[in-house]
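When the count follows my numbering, it moves up by one through the sequence shown with no breaks and lands on 70 for the last residue.
Heads up, the thing below is written out as structure tokens.
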Amino acid sequence: MKELLRSTDPVRLSRVVDLLASEGIPAFEMDQHMSVLEGSIGILPRRIMVADRDEFMARAILRDHRLDD
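Dropping the structure here:
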């Protein structure tokens, strides 16, 4: 698995996961339960992971939608 994106913005993360899913690329959000440790204040970034074989296409999709960093 490759890290595609790291962010503290839950709306952006949700948008990326939904966009990739609509293109047939499964994405996995890691660290979403870290809010229990941080007190739900949103300071720890969450990561979007994709399979190695999907990384190139996923990055191209994010770039096309201006969601890349």
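Cβ coordinates follow ideal geometry from the N, Cα and C atoms, glycine included.
The structure presented is a predicted model; accordingly, all values stated were derived computationally and were not measured.
Give me the Cα-Cα distance between residue 65 and residue 44, rounded to the nearest whole angstrom.
Cα-Cα distance, rounded: 28 Å.
Three Cβ pairs or more, each shorter than 8 Å: is that satisfied between the segment 50-62 and the segment 7-14?
No, because fewer than three Cβ pairs between the segment 50-62 and the segment 7-14 fall closer than 8 Å, the two stretches do not touch.
For residue 56, name the three-state secondary structure that DSSP assigns.
In this structure, residue 56 counts as helix in the three-state DSSP scheme.
Around the C-beta of residue 22, are 16 or more other C-beta atoms found within 10 angstroms, so that it is buried, or is it exposed?
Exposed is the call here.
Residues in the same chain with beta-carbon distance under 8 Å from residue 46, minus the five sequence neighbours each way, listed in chain order, please.
Hits under 8 Å: 7, 8, 9 and 32.
Report the residue ranges of all alpha helix (DSSP H) runs contained in full by the segment 2-33; include only those spanning at least 4 residues, in chain order.
With a minimum length of 4 residues, the continuous alpha helix (DSSP H) runs that stay inside the segment 2-33 are 11-23.
Judging by CA-CA distance, which residue of 62, 55, 16 and 14 is the nearest neighbour of residue 2?
Checked all of 62, 55, 16 and 14; the closest Cα to residue 2 is 55.
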